[in-house]
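When we follow the numbering used here, the leftmost residue of the sequence shown carries the number 374, and every step to the right adds one. Note that beta-carbon positions come from the ideal geometry of N, C-alpha and C, so glycine has one too.
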Amino acid sequence: MTQLDNSLTLPATSTVAKSTTTAALVSSKSQDQYFLSGATRSYESRRQSLLLLKAALKKHENALMDALHKDLRKHPNESYISEIGIIYDEIAHVLKGLKTWMKPRRVPTPMSLQPAASHVVSEALGKILVIAPWNYPLQLAINPAVGALAAGNVVTLKPSEMTPNVSAAIALMIRETFDPGLFSVVEGGVEVSTDLLAQKWDHIFFTGSTSVGKIVAEAAAKQLTPYTLELGGKSPCIVTKSANVSLAARRIVFGKLLNSGQTCVAPDYLLVEKGMEDELLQAMIKEVDLRYGKNPLENPQFPKIVNDKNYQRLTGLLQPQLVVHGGRTNAKERMIEPTFMLNVPLDSAVMKEEIFGPILPIVTFNSLDDAIAIINSRPHPLALYIFSEKSEEQARVTRSCRFGGGAINDVLMHLANANLPFGGVGASGQGNYHGKNSFDCFVHQKAILKTATWFDMPIRYAPFTPLKDKLVRLFLN
């Protein structure tokens, strides 16, 4: 999902890292005690935790927005739309359904087991570790915690060190709001993450790059700890000749340039039906000018790249001979202009790695089969989008390609529906969350069969006889 340092294997060496890790170990023990006390089991305790979190967000909203601006140059409106507002919506959705989700669910019992009743109980897992990324450092830290708390767990959150102001703001908010036994924050870098992963958890929830996701999975495997990986990949966007071009351009530009392209489900590259590329390109250029002006590098509403490492990586992907719009940069401010590159070779660097920035390669195709073949020749993406007015084209693409989730005639907005699961498939992730799916992510579905004592089916007991065999076959056939 994000371009992170994949050196997540270093031991803790600094004094700060060691002290932070010691504090984390103490917190881990207190969380064991808190969970075993049963304080998180009731509906009311979970409801109060979510209401406390919402109140804390309200109280710290301005400070969190300031931190997002310092780290990523996010405008307050964008911060609310893509970070804070989404958390409020998630909390509201979870509160609305929580009481129902917590109830034991009765399921059918076969005749062979009668008289009996069968139930599924959603049981909290215990201690949850959430490791958050830098691109949406507030939303992607708190939203998983909402699901974990709703499910009756205790949570340790590790925010991203690459957005230090947001990390500090989150830590302050959580520490002054929650008992550390219920919800704690551990700040630090790679060393701290490595030490946290060496501890025993009941579930690890990681959002980040595929390379670091592999490290998290390996560490979890050593403890037989279940995990959820929200990763990324190159999310394609198909535009056919039947599409509403002006609408497609508007929505593609919105989705690509939100957070300056540092979005895991942003359209990573366009697959455009041959013959309409110029019309679409001109429409997208018009949208960029309308939304960000002729010089986006000077627009205070256009975010910056998170750090020098990612800025250098992105500028290295630019191919000046293919740039048909944009291409200007500002190293001091870590700004890259919205850039469109046309007729990009499929084997070029920009088509091999997740871009995670405001650079959009455009590839043309002759037939929809060609576009599908390009997508299916690559690892399964986290998202896929198609702009088309033909239902048969929409159906062919969504049936023929494997991807985490997506939208028809839109981008990104499938994330806004809390009733839809969000997650990848294959290299783009394992597991999903949002809404009820977040609750399910952090519970164990415990099976309970309750049988009557006034009758005992004799056919299951030895000695076996021809009559018993006949009756068993009757019941189990």
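Hey, residue i and residue j are a contact pair by Cβ (cut 8 angstroms); roughly how many whole angstroms apart?
i	j	result
residue 447	residue 441	4 angstroms
residue 508	residue 655	That belief does not hold up - the Cβ atoms of residue 508 and residue 655 are roughly 30 angstroms apart, past 8 angstroms.
residue 404	residue 567	Their Cβ separation, rounded to whole angstroms, is 19 angstroms, which puts residue 404 and residue 567 out of contact at 8 angstroms.
residue 689	residue 753	That pair is no contact at about 26 angstroms.
residue 828	residue 488	6 angstroms
residue 745	residue 774	6 angstroms
residue 510	residue 536	4 angstroms
residue 502	residue 527	Not confirmed; about 10 angstroms, so no contact.
residue 464	residue 500	Not a contact, Cβ separation roughly 22 angstroms.
residue 741	residue 712	That pair is no contact at about 27 angstroms.
residue 639	residue 629	5 angstroms
residue 778	residue 787	5 angstroms
Just how far apart, CA to CA, sit residue i and residue j?
i	j	result
residue 602	residue 805	8 angstroms
residue 735	residue 725	14 angstroms
residue 540	residue 589	20 angstroms
residue 389	residue 772	With a pLDDT of only 43 at residue 389, under the threshold of 50, the placement of this residue in the model should not be trusted; the figure read from the coordinates follows. Cα to Cα, the separation comes out at about 51 angstroms.
residue 849	residue 610	50 angstroms
residue 617	residue 760	7 angstroms
residue 430	residue 416	21 angstroms
residue 474	residue 495	8 angstroms
residue 421	residue 842	56 angstroms
residue 607	residue 641	5 angstroms
residue 686	residue 569	29 angstroms
residue 698	residue 661	10 angstroms
residue 478	residue 492	5 angstroms
residue 729	residue 480	45 angstroms
residue 667	residue 632	18 angstroms
residue 413	residue 825	32 angstroms
residue 467	residue 813	12 angstroms
residue 581	residue 658	31 angstroms
residue 455	residue 476	32 angstroms
residue 627	residue 543	28 angstroms
residue 838	residue 823	27 angstroms
residue 600	residue 578	6 angstroms
residue 439	residue 423	23 angstroms
residue 644	residue 623	16 angstroms
residue 831	residue 820	24 angstroms
residue 776	residue 770	11 angstroms
residue 835	residue 844	14 angstroms
residue 720	residue 674	34 angstroms
residue 435	residue 449	9 angstroms
residue 763	residue 615	7 angstroms
residue 625	residue 708	20 angstroms
residue 561	residue 504	11 angstroms
residue 810	residue 790	12 angstroms
residue 765	residue 718	28 angstroms
For residue i, name the three-state secondary structure that DSSP assigns.
i	result
residue 654	helix
residue 567	helix
residue 467	helix
residue 820	strand
residue 802	strand
residue 737	strand
residue 758	strand
residue 494	strand
residue 770	helix
residue 489	strand
residue 778	strand
residue 851	Residue 851 is absent from the model: the chain starts at 374 and stops at 850.
residue 514	helix
residue 763	coil
residue 830	coil
residue 848	helix
residue 473	helix
residue 812	helix
residue 520	helix
Could you tell me whether the Cβ of residue i comes closer than 8 angstroms to any Cβ of chain C?
i	result
residue 729	Here there is only one protein chain, and chain C is not present.
Bridge partners of residue i, per DSSP?
i	result
residue 504	531 and 579
residue 751	DSSP lists no partner for residue 751.
residue 795	806
residue 478	493
residue 732	712
At 3 residues or longer, what runs of the beta strand (DSSP E) sit wholly inside the region 565 to 628? Those beta strand (DSSP E) runs which fall completely within the region 565 to 628 and span 3+ residues are 576 to 580, 600 to 603 and 609 to 612.
Going along the chain, which unbroken runs of the alpha helix (DSSP H) with 4 or more residues stay wholly within the region 631 to 702? For the region 631 to 702, whole alpha helix (DSSP H) runs of length 4 or above, ordered along the chain, are 650 to 665 and 681 to 688.
What ranges does the beta strand (DSSP E) occupy inside the region 702 to 730, keeping only unbroken runs of at least 3 residues that lie completely in it? DSSP assignment within the region 702 to 730 yields the following whole beta strand (DSSP E) runs of 3 residues or more, N-terminal first: 712 to 715.
At what residue ranges does the region 539 to 566 contain a whole run of the beta strand (DSSP E), taking only runs of 3 or more? Fully enclosed beta strand (DSSP E) runs of 3 or longer: 556 to 558.
In the region 391 to 465, which residue ranges form an unbroken alpha helix (DSSP H) of at least 4 residues, counting only runs that do not cross its ends? Counting only runs of 4 or more, we get 416 to 445 and 449 to 452.
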